[in-house]
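If you read the protein sequences in the order shown, they are chains X and V. The numbering of the first sequence is the working numbering, which starts it at 345 and goes up by one. The numbering of the second sequence is the working numbering, which starts it at 216 and goes up by one. We treat Cβ as the ideally placed atom computed from N, Cα and C, and that holds for glycine. Just so it is clear, the structure is predicted and the values come from calculations on it, not from any experiment. Taking it in order: structure first as structure tokens, then the write-up.
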Amino acid sequence: MIPLLEMREIVKQYPGVRALDGVTFELRAGEVHCLVGENGAGKSTLIKILAGALRSDAGTICINGAQVDIRTPSMAQSIGIGVIYQDPHLVPELDVAENIFLGHEPLVGASPFIDARRMHDEANSILARLGERIPTQTRSSDLTVAQRQIVEIARALSRKVKVLVFDEPTAPLTGRETENLFRLMGELRHQGVGIVYISHRLEEILRIADRITVLRDGRRVVSVDADGVTIPQLVRWMVGRELSEEYPVIDREVTKEVLRIEGLANARLRNIDLALHRGEILGVGGLVGAGRTELVRAIFGADAITAGHMLLRGKPYMPRDPADAIVQGLGLLTEDRNRLGLFLQLSIRENLSISSLLQYTRRGVIDADAERRRVAEFVDALRVRPPDSELRVDTLSGGNRQKVVLARWLAANSDVLIFDEPTVGIDVGVKYEIYVLMNELAKEGKAIMVVSSDLNELIGISDRIAVMCDGCIAGILPRSEATNGAVMTLATAFAAIEGAHA
Amino acid sequence: MKCLFARFGVGVALALELLFFGILSPHFFTPDNLLNVSLQISITAIIAAGMTLVILTGGIDLSVGSLVAISGVLSTSVLRMDAPYTLALPIAVLAGAAIGMGSGFAAGVFVTRFRITPFIVTLALMTIWRGTAFVYTEGRPVWELPESFAFLGAGRVAGIPFPTIVMVIVFFVVHIVLTRTRFGRYVYAVGGNVEAARLAGIRTSRVLTVVYVISGGLAAVSGILLASRMNSGQPNAGLMYELDVIAAVVVGGTSLNGGRGTVVGTLIGSMLIGVLRNGLNLLDVESYVQQVVVGAVILTAVLLDRMRSS
């Protein structure tokens, strides 16, 4: 049988590194083929070559047995290749139908005018095919991430897509949205579309994959039928060695209260009561949009607070801005490292020391030696790879970038550390390292808050889990009672009530 | 060649340019001519040092040309008052500097507090100050200044023009500020990613405001030097300077998106354009043709820089 897509012996060479070293990848019509590997394994490079965003140095690509030459993204689209990114960038001011048909709008006859009615009709019928009901007049800036992905899928379908690539689509989605996405993928597969699926979430992969291809260091390790593959097996292929446990053993002592929050409220939060202790890892769960990020931003002084009060180490605490919060010992590892956490064009050193410059400045002048020494200490202690503090931070992998941000707060002597989605887009191996670090920091007596959409992670590392729903704390579960079911029940508590009323 | 360029960027272009004019014109490499070039570029280069800071934060300051006029007009008016020169001069300089820095402060407030884009804010200030300079002087230059005032713009210390000395000091200080101080680091951080900077604990509004104050202040310094050199306060002084200044900064390799660039690059950029003008003059190239050549060189320099960074 001729495969729908065949990428043969693809090579991509960058200065000093061979990103792809003769990778072969086959996709059949109507299958979900998962592509897994650690960051830097070559997944994104392979997809970029398929999507026309990069050109390979050697190798061939065939669609239905016929060789094609994909030089630009628009060529990729025209031969039926579509890519759904984690956070699709639609044109915010255009509505759903306009975004779906962007670049190939139906026209009135041979005129230059757009046939708006036909465009909306066709958009509706594509969405209906997907079993979705998004009003086609909605401006895309008003859509959720999940809805934007669906619009992106509809856009691909409007171009008669044959191969659809999903690049870590579920990272920003809630459990329910993820389920829906999987249903959609099943639908597409049924219609004969070949699906390439990339994700770091191995449970997901084993659930939906027909076949799996594992990449490591730019080479294909294996391509197998997904039946019978286990997570440990997958990890072994990805990492090339055994990983003993998923989460570190919790052996720390929760002691006295550091932060107390009473009746906190703002535009997105209502009546939040919460306490955080030394030595504790407090998980914050809930669906995306429940107010988790808003809560940590408010505590950190990044968003305005309209009511309530807080006590930090027993003293009233009401930060004017993040600078104020940092001086008082807080540190926030933001949700989107690259957009909110890092200065991508600056070096590891400059990124790491930015919040603690006061320590090594005298009359405004930085003591370069002191700064370098201090930075080197942290690069060493957290095992940032490569360990060269003068490298630009955008040359690092996701996990190492996260370490740099963490080191920034450790250098600033923060003892209340807030992690917002700390392991999104991070390799299995480095993930464990981050958990170990968090555990150690808590052991040293720091207080840690972790927001995560990954339920297993939340349950695996937290002493307690505060579950949010609709801007409120729906409940707090101690470790002994924290199960997937219990968290999800609380996370959807109010939604269920609203549903009952409707 | 390509390798050289990768390391030294526009510096190579400047060296080539010096070589080119040195060969073609016997008068080019004389001390007199080189000092003359330094004097010619000093006025806009001083402003460009401040503009570099603004552009590094991702902003722009279009008001600098008009600030040259208003500060020149204001300080020369102070000098015409009936006061002893030793007293009048400091007051005149302070008045000029105050209006430049005050304008920069206003720009900073509009940009940070009211969130109006720097382009619009400084465009408005540009026309406001130009208009004010004409209204204040009723369109006439401020003449009859104390003779000793001419020293600032035309005097020499050990043979070196005073504005050149000011320029060297300004660039040295701004370079130190950018590379060695906390404030300098914050300028790069704010320009690179303003939201990340805020979340890293940088008071971004303060950094931005200070940057516009410095830019306005340096524009005023240039305005006073220029008024001294012309021995009059001209309401139409510094017309279109903002464009020359931005060109020098951009040719020097500073990104208009912010976060990337150096003030040393700006100095080289200023010299590249200044040397070109001087060399073309020595070769008797007609001034209209000069404009075409300067424009072409700006494009080429930026293009080469783009190729280098990609």
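### Message
Using CA atoms only, rank isn't needed, just tell me which of T488/X, A667/X and I542/X is closest to V558/X.
### Response
It is I542/X.
#### Entry: Neighbourhood of L481/X by C-beta distance below 8 Å, restricted to the same chain and skipping five residues each side
Residue identity differs from the one stated: residue 481/X is Gln in this sequence, not Leu. D439, V440, A441 and H464, listed in sequence order.
### C-beta neighbour in chain V for L761/X, strict 7 Å
No, its Cβ sits nowhere closer than 7 Å to a Cβ of chain V.
### Query
How would you list, in chain order, the residues of chain X whose beta-carbon sits under 7 Å from the beta-carbon of Y403/V?
Within chain X, the C-beta atoms nearer than 7 Å to that of Y403/V come from L690, in chain order.
### Query
What are the uninterrupted segments assigned as beta strand (DSSP E) that are 3 or more residues long and contained completely in the region 279–315 of chain V, given in chain order?
Within the region 279–315 of chain V, no run of beta strand (DSSP E) reaches 3 residues while sitting entirely inside it.
### Message
Please confirm whether L423/V has its beta-carbon closer than 7 Å to some beta-carbon of chain X.
### Response
Contact with chain X is absent for L423/V, since none of that chain's Cβ atoms lies less than 7 Å from the residue's Cβ.
### Query
Name the DSSP beta bridge partners of H653/X, please?
Residue pairing of H653/X in beta bridges, as defined by DSSP: E606/X.
### Task
Just the C-alpha distance for S470/V and I391/V, rounded to the nearest angstrom, thanks.
For S470/V and I391/V, the distance between alpha carbons rounds to 20 Å.
### Query
Does the beta-carbon of V361/X have 16 or more other beta-carbons within 10 angstroms, so that it is buried, or is it exposed?
Classification for V361/X: exposed.
### Task
Evaluate contact between the region 252–261 of chain V and the region 468–486 of chain V, counting only Cβ atoms and requiring at least three cross-stretch pairs below 8 Å.
Yes: the two stretches touch, three or more of their Cβ pairs being nearer than 8 Å.
### When D431/X, L434/X and N408/X are compared against I423/X, the one with the closest alpha-carbon
Residue N408/X is the option with its Cα nearest to I423/X.
### Query
The alpha helix (DSSP H) spanning H390/V covers which residue range?
F377 to R395 is the span of the alpha helix (DSSP H), which, as asked, contains H390/V.
### Task
Consult DSSP for N446/V and reduce its assignment to one of helix, strand or coil.
Correct three-state label for N446/V: coil.
### Message
Going by beta-carbon coordinates alone, are V632/X and T518/X separated by less than 7 Å?
### Response
Result yes, Cβ atoms of V632/X and T518/X sit closer than 7 Å.
### Message
For a contact defined as C-beta to C-beta under 9 Å, what are the partners of I792/X on chain V?
### Response
Near I792/X there are no residues of chain V at all, since even the closest Cβ is about 18 Å away, more than 9 Å.
### Query
In angstroms, rounded to a whole number, what distance separates the CA positions of A363/X and D764/X?
Distance between the alpha carbons of A363/X and D764/X: 30 Å.
### Query
Going by DSSP, which residues form a beta bridge with K659/X?
DSSP lists L656/X as partners of K659/X.
### Query
Is DSSP giving D764/X helix, strand or coil here?
For D764/X, the three-state secondary structure derived from DSSP is strand.
### Message
My output table needs one value for H377/X: the three-state DSSP class, helix, strand or coil.
### Response
Reduced to three states, the DSSP call for H377/X is strand.
### Message
Between I670/X and chain V, is any beta-carbon pair separated by less than 7 Å?
### Response
Among the residues facing chain V, I670/X is included, as its CB has a counterpart in that chain under 7 Å away.
#### Entry: Nearest-angstrom Cα separation, counted from I314/V out to G399/V
Spanning the two alpha carbons is a distance of roughly 24 Å.
### Message
Taking a contact to mean a Cβ-Cβ separation below 7 Å, would you say A240/V touches L441/V in this structure?
### Response
One detail in the question is off: residue 240/V reads as Ser in this sequence, not Ala. Taking 7 Å as the Cβ cut-off, S240/V and L441/V do not qualify as a contacting pair.
#### Entry: Inter-stretch contact (C-beta, 8 Å, three-pair minimum) for the region 425–432 of chain X and the region 509–524 of chain X
Touching, yes, given that three or more Cβ pairs across the two stretches are closer than 8 Å.
### Residues sharing a beta bridge with A791/X, DSSP
For A791/X, which the question treats as bridged, DSSP gives the partners V760/X.
#### Entry: Contacts that F377/V makes with chain X (C-beta to C-beta distance below 9 Å)
Within chain X, no residue has its beta carbon less than 9 Å from that of F377/V; the closest one is some 28 Å off.
### Task
Answer yes or no: do A751/X and S700/X have a C-beta to C-beta separation smaller than 7 Å?
7 Å or more divides the Cβ of A751/X from the Cβ of S700/X.
### Task
Determine the closest residue to Q493/X out of V505/X, L528/X and R636/X, with distance taken between C-alpha atoms.
Selected option, being the one with the closest Cα: L528/X.
### Task
Could you have a look at L785/X and say whether DSSP puts it in helix, strand or coil?
Three-state DSSP puts L785/X in a helix.
### Query
Three-state secondary structure (DSSP) at A570/X?
Residue state, collapsed to three classes: coil.
### Simplified DSSP state of M351/X, which is helix, strand or coil
Three-state DSSP puts M351/X in a strand.
### Message
At the level of alpha carbons, what is the spacing between T327/V and D554/X?
### Response
Taking the straight line from one Cα to the other gives about 54 Å.
### Query
Beta-carbon separation of I444/X and S502/X under 7 Å?
With respect to S502/X, I444/X sits close: the two C-beta atoms are nearer than 7 Å.
#### Entry: Interface residues of chain X facing F398/V [CB-CB closer than 7 Å]
For the C-beta of F398/V, the chain X residues within less than 7 Å are, from N- to C-terminus, G708.
### Query
Nearest-angstrom Cα distance between A213/V and T477/V?
A question about residue 213/V goes unanswered here, because the residues of chain V that appear run from 216 up to 525.
#### Entry: Pairwise C-alpha distance: A648/X and S281/V
Taking the straight line joining both Cα atoms gives about 39 Å.
### Task
Express the C-alpha separation of A467/X and R483/X in angstroms, rounding to a whole number.
One Cα belongs to R483/X, the other to A467/X, and the distance between them is close to 14 Å.
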